[in-house]
Structures are given as C-alpha cells and as structure tokens.
Amino acid sequence: MKSGIVSYGAYIPRYRIKIEEIAKVWGDNPNSIIDGLMVYEKSVPDMDEDTITIAVEAARNAVNRANVNPEKIGAVFTGSESHPYAVKPTSTIVAEAIGATPNLTAADFEFACKAGTAAIQACAGMVESDMIELGLAIGSDVSQGAPGDALEYTAAAGGVAYIIGKENILAKIESTYSFTTDTPDFWRREGKPYPEHGGRFTGEPGYFKHVTSAASGLMERLGTKPSDYKYAVFHQPNGKFPTRVAKMLGFSGEQIKPGLVVSRLGNTYSGSCMMGLAAILDIAKAGDRIFMTAFGSGAGSDAFSFSVTDRIDEIRNGAPSVEELLANPTYINYATYAKHKGKIKL
Amino acid sequence: MTVARFWRRLKNLYNLIGTHCEKCGGYYYPPRNLCPKCRRSSRSVPFKFKGLGEVVTYTIIHSSTKDFEKQTPYILAIIKLNEGPHLTSQVICDHNDIHIGMKVKSAFRKLGEESDKGMLYYGTKFVPMGSRDK
C-alpha cells in the first residue's frame, strides 16, 4: 500500500479508579480479579468529558504533533460505541473543533471495539484512491459497564486519532486484512445504557477466533512471520487475552509489552488497540515493523502491518506521549466514579 | 441557550476565535464587530487565540444555577489570555491547586446540555499547564 500514518495523537482523562475500590463495593476478591484480568486500575472521564471531547483532544494532539494543516483533511471518521448522540455525528463536531470544515466528508463508525481501525481502513482507501489528501480516523470511548457487571472492572475512557495520508508518513501501512462473521458475543440494544455480553462466549468464538484468523491471514498474504516484527499489539479488553493470543500466534512477551497499556488504563474500547499502537510509536525507531490486530465484538478483526520511517524522530515530541498521559493520575473512590459516569440518577 | 444562539457562537466557543484590530493592534474575545477604541475606523479581523493564559482571580461555586448544579463545587475564574483579553471560564483542576497567577491552557469540554433529550453544548474551559502539555 502507498498510504500510512502521517501523525497520531492520544488523550486519556486524568482520573483513575483502582480495581480494589470497585471490588470493595460488590464484595468481590480484588486479587482474584487483578490476577484474572491483569488490570490494576482504569481511567474515568471527568464530569464534562465524553466521547466527543476525548476525540477532539486526541485529534488536536494529532494535528499539533506533525503541524498538519487541518484544511487538508478530507475525511473525519470517528469510531465509538458511546457516541453521545444517537442521531447527530460526533465527527462533525470534531471536524469543526480542529478547523477542518467545511470541505470534507464525515461519518461515525460503530463496531464495538474495532470501529477506530475500520475508520483507518476507510481513510486509507480514500487516500489511496486519491479521493482525499488526508483522512482522520479516531477511536474514542467512554465505555459503559453496568454496576456490578464484570465489564465494570475494565470499561475505561480514552481516545486516539490517526491522520492517514501518502506524504510525510511516519509509518507505512504495508497491508491490512480483516476477518468478520456474525457472532453475537456482545451487544447493546437501542436506548439501553449498558451492554450485555455472552460471558465466556466472548473468548473462544469471539476474540480468539477472529484475532488469530485476521492475524494469520495478514501474515500469510505478506509472507511474514512473528519474528519479522519488532512490536505487536492486539486488542486489549484485559491483559490476559492479548497475552494469550500473542503466544498462540508465536509473538513473544517482549514484542507486546510496550503496547500493553491495559493494566494501567483499562479497556478504552474503540481506542484500545490504537492506544497500544500509539504507545509503541512513542518509542519506535525507523525500520521497525509493527503488527497490530484489533477486535470488535459482533464480531470482526482488522489486522495491520506497519513499517516505521525516519520521519518518526522529527515529530515524536510534538504532542504528549501515552506514557505522559498515563502519569500522575488522580485516584477517585466509587462514589465519585458513579457520579462521573452518570450512574446516579437524580 | 437556544440552538440558534449556540450555533452562531459555535466557532468562537470551540476554538477561541475572537477579533483583532489591525489598526490599533487590540485583541478581543468574544469577537466584536467594531474595535471599541477605533470605532468606525477600526479594521477588525477574526483571530484565533492560542488558548494560553493565566488566572487573574477565581471563586469556587457551591450554589449554582440549575444548569450547573450537577457540577458543583466547581471553579469559575477570570483568565487573562496571553494576547491580552480577559474571559470568564471554568478551570478544571484540584480545588487545592487553583491560585492567582496559575498558568492555564484551553481544553475542549462539555459546557452543558438542554435536558436529557436536548442539545449538548461544547466549548472551551481551561486546565493547568502541566507535564501533558507541549
């Protein structure tokens, strides 16, 4: 492929809640949850933060990092499963807030946790076909987890934005491959505040089948093997799934460690895998190859192979790194968390 | 705020777009049709502020209007932008950290909502300059 990442930006709210704090409320054993999920704490949005504000902050960081002219952005696609409006695009607000309007197309994407990577593919397609010069693909979520549900331990908030183009790229998209089936492992009905899931059904027929199929399909197409890559990142609903799927595919713990941000962040849904990629780009060097596979329930996986260029060193420090966004959090208790998440109905 | 009123001010609220008088060099936010100093001879053009400034003074609101009651207590401050204009805005930070002279930068936040089925209003608030800022 001729397209690649021109710039990227991330945003993580400053609040965190520890697993122990949530477990205390529901009478669960925190150690067994931490051991099982490999997650210690998760991010929580502020009272006035939502998918749109997070998407805007991430997009602004992406624009600023490489000093991109927003008027050259011809498409804005925002992937999320927590768009604040059911009807009224998140992407038009983002486009206006970064100064990209009015000569562009915009739409919102929804595919559980992989809507953001689907947006990258759409942007790459439009860039490669010369429909647009630059495309902005965002994954942003203030994930929902019902009180007392297992999801509540990991459903977090954060967003990542990627600007896709053909010139001045910091990482080339070598190829992308998707694997999609109708697998009802997780859903949220219209008008309902919290998603439902198939419990353990989300594992084997959902996550593992789709991630391994997409990843294997891409490596077969490219004729690559895990050892050809310096880094790998997989969708991280918890720490256990990506660690296990990496091992199944033949990637080492060392390859996935830099991108495994879930332990300190939680699952940012549409931002999950893309946040791991951003953390890797924060430290990657020219010539490094990066393997990424996202997963979205419902279900599908998008696999990507990237090759980092020497442009990365020129623009790396133009916006906050994922590590800087994770540093110095403000810890809150469950009551404050419930207030921030709108779980208390007045 | 009505939908039409918000829509007219949307660009100003999102991106701190005010005006600059090319005759006297003055900067204004919110935007003005005429420079108050140069009056009819003013040459006002739109100007996007960088969003950097400092806290001139502040108060902590414990008893608010109905629109903001879920956010109390919150910090309301007068911010002096680096280019000169003063504006009133919420500052999002720990209440123990706010102080006169605090360096702040703009952030995109939800300003409010009409109701649970009404419009959502977005715009600019301020956060402390910190390690996250470049």
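Those sequence lines, one after another, are chains A and B.
The first sequence begins at 53 in this note's numbering and counts up by one.
The second sequence begins at 1430 in this note's numbering and counts up by one.
Glycine is no exception: its CB is placed at the ideal position from the N, C-alpha and C atoms.
Here the structure is a predicted model, which is why all the values come from computation and not from measurement.
Fill in: residue 345(A) versus 326(A), 331(A) and 206(A), residue with shortest Cα-Cα distance
Looking up residue 345(A) in the first sequence gives position 293. When each option's Cα is compared against that of residue 345(A), the closest is 326(A).
Worksheet item: When DSSP builds the beta bridges, which residues end up paired with residue 69(A)?
Response: Residue mapping note: residue 69(A) aligns to position 17 of the first sequence, counting from 1. Looking at the DSSP assignment, residue 69(A) forms a beta bridge with 94(A).
Worksheet item: How far does the beta strand (DSSP E) with residue 1519(B) in it reach, from first residue to last?
Response: Along the second sequence, read from residue 1 onward, the residue named residue 1519(B) stands at position 90. Per DSSP, residue 1519(B) belongs to the beta strand (DSSP E) from 1515 to 1520.
Worksheet item: Using the C-alpha atoms, what's the distance from residue 81(A) back to residue 145(A)?
Response: Stepping through the first sequence from its first residue, residue 145(A) is reached at position 93. Stepping through the first sequence from its first residue, residue 81(A) is reached at position 29. Distance between the alpha carbons of residue 145(A) and residue 81(A): 42 Å.
Item to complete: Please confirm if residue 1510(B) has its CB atom under 8 Å from at least one CB of chain A.
Response: Numbered from 1 along the second sequence, position 81 holds the residue referred to as residue 1510(B). Closer than 8 Å: no.
Item to complete: Apply the 10 Å Cβ neighbour rule to residue 69(A) and answer buried if 16 or more other Cβ atoms are within range, or exposed otherwise.
Response: For the purposes of this step, residue 69(A) is identified with residue 17 of the first sequence, where counting begins at 1. By the neighbour-count rule (16 or more Cβ atoms within 10 Å), residue 69(A) is buried.
Worksheet item: What is the DSSP secondary structure of residue 322(A), reduced to helix, strand or coil?
Response: Residue mapping note: residue 322(A) aligns to position 270 of the first sequence, counting from 1. If DSSP states are grouped into helix, strand and coil, residue 322(A) belongs with the helices.
Worksheet entry | Between the CA atoms of residue 328(A) and residue 1559(B) - distance to the nearest angstrom | In the second sequence, the residue the question calls residue 1559(B) occupies position 130. In the first sequence, the residue the question calls residue 328(A) occupies position 276. Roughly 23 Å separates the two Cα atoms.
Item to complete: Report the partner residues of residue 1557(B) according to the DSSP bridge assignment.
Response: Translated into the one-based positions of the second sequence, residue 1557(B) becomes position 128. In DSSP, residue 1557(B) forms a bridge with 1533(B).
Practice prompt. With a cut-off of 8 Å on the beta carbons, I'd call residue 158(A) and residue 147(A) a contact; round off their distance for me.
Written response: Translated into positions along the first sequence, residue 158(A) becomes position 106. Translated into positions along the first sequence, residue 147(A) becomes position 95. With a beta-carbon spacing of about 5 Å, residue 158(A) and residue 147(A) fall inside the 8 Å limit used to define contacts.
Practice prompt. Determine the contact status of residue 269(A) and residue 229(A), defining contact as a CB-CB distance below 8 Å.
Written response: Counted from its first residue, the first sequence places residue 269(A) at position 217. Counted from its first residue, the first sequence places residue 229(A) at position 177. For residue 269(A) and residue 229(A), yes; Cβs fall inside 8 Å.
Practice prompt. Would you mind listing the beta strand (DSSP E) stretches within the stretch 189 to 252 of chain A that are 3+ residues and don't spill past its ends, in chain order?
Written response: 209 to 217 and 223 to 235
Fill in: Closer than 8 Å to chain A by CB, residue 1478(B)
Along the second sequence, read from residue 1 onward, the residue named residue 1478(B) stands at position 49. Not one chain A Cβ lies under 8 Å of residue 1478(B).
Worksheet item: What number of angstroms, rounded off, separates the C-alpha of residue 1469(B) from the C-alpha of residue 222(A)?
Response: Locating residue 1469(B) in the second sequence gives position 40, where the first residue counts as 1. Locating residue 222(A) in the first sequence gives position 170, where the first residue counts as 1. Each residue's CA atom was taken as its position, placing residue 1469(B) and residue 222(A) some 50 Å apart.
Discussion item. I'd like to know whether the C-beta of residue 1433(B) is nearer than 8 Å to at least one C-beta of chain A.
Written reply: For the purposes of this step, residue 1433(B) is taken as residue 4 along the second sequence, with counting starting at 1. Using a CB distance cut-off of 8 Å, residue 1433(B) does not count as an interface residue toward chain A.
Fill in: residue 1528(B) in three-state terms, based on DSSP
Residue mapping note: residue 1528(B) aligns to position 99 of the second sequence, counting from 1. In the structure shown, residue 1528(B) sits in coil (DSSP, three-state: anything other than H, G, I, E or B).
Worksheet item: Counting only beta-carbon atoms, is residue 1516(B) nearer than 8 Å to chain A?
Response: Locating residue 1516(B) in the second sequence gives position 87, where the first residue counts as 1. Chain A contact via Cβ: absent.
Worksheet item: Name the chain C residues that come within less than 9 Å of residue 327(A), Cβ to Cβ?
Response: Reference to chain C is not applicable here, since the protein chains of this structure are A and B.
Item to complete: Would you check if the stretch 1444 to 1459 of chain B and the stretch 1487 to 1503 of chain B touch, i.e. whether three or more CB-CB distances between them fall below 8 Å?
Response: no
Item to complete: Counting only the same chain and skipping the five closest in sequence on each side, list residues whose C-beta sits under 6 Å from that of residue 171(A).
Response: On the first sequence, residue 171(A) is found 119 positions in, with the first residue counted as 1. These residues qualify, in order along the chain: 129, 131, 161 and 189.
Worksheet item: Cα separation between residue 332(A) and residue 282(A)?
Response: Here residue 332(A) corresponds to residue number 280 of the first sequence, with the count starting at 1. Here residue 282(A) corresponds to residue number 230 of the first sequence, with the count starting at 1. Distance between the alpha carbons of residue 332(A) and residue 282(A): 10 Å.
Worksheet item: Does DSSP put residue 1449(B) in a helix, in a strand, or in coil?
Response: As a working mapping, residue 1449(B) is identified with position 20 in the second sequence. Residue 1449(B): strand per DSSP, three-state reduction.
Worksheet entry | Distance, residue 314(A) Cα to residue 1538(B) Cα | Mapped onto the second sequence, residue 1538(B) falls at position 109. Mapped onto the first sequence, residue 314(A) falls at position 262. Computed Cα separation, rounded: 25 Å.
Practice prompt. State the CB to CB distance for the pair residue 96(A) and residue 209(A), rounded to an integer number of angstroms; the pair is presumed to be in contact (CB under 8 Å).
Written response: Locating residue 96(A) in the first sequence gives position 44, counting from the first residue. Locating residue 209(A) in the first sequence gives position 157, counting from the first residue. Confirmed, about 6 Å.
Worksheet item: According to the Cβ coordinates, are residue 272(A) and residue 358(A) closer than 8 Å?
Response: Here residue 272(A) is taken as the residue at index 220 of the first sequence, counted from 1. Here residue 358(A) is taken as the residue at index 306 of the first sequence, counted from 1. No, the pair does not count as a contact, with Cβ atoms beyond the cut-off.
Worksheet entry | Bounding residues of the alpha helix (DSSP H) (the contiguous stretch that carries residue 271(A)) | The count along the first sequence starts at 1 and reaches residue 271(A) at position 219. Its alpha helix (DSSP H) spans residues 261 to 274.
Worksheet item: According to the neighbour-count rule (16 or more other Cβ atoms, all chains shown, within 10 Å of its Cβ), is residue 1434(B) buried or exposed?
Response: Counting from 1 along the second sequence, the entry for residue 1434(B) is found at position 5. Classification for residue 1434(B): exposed.
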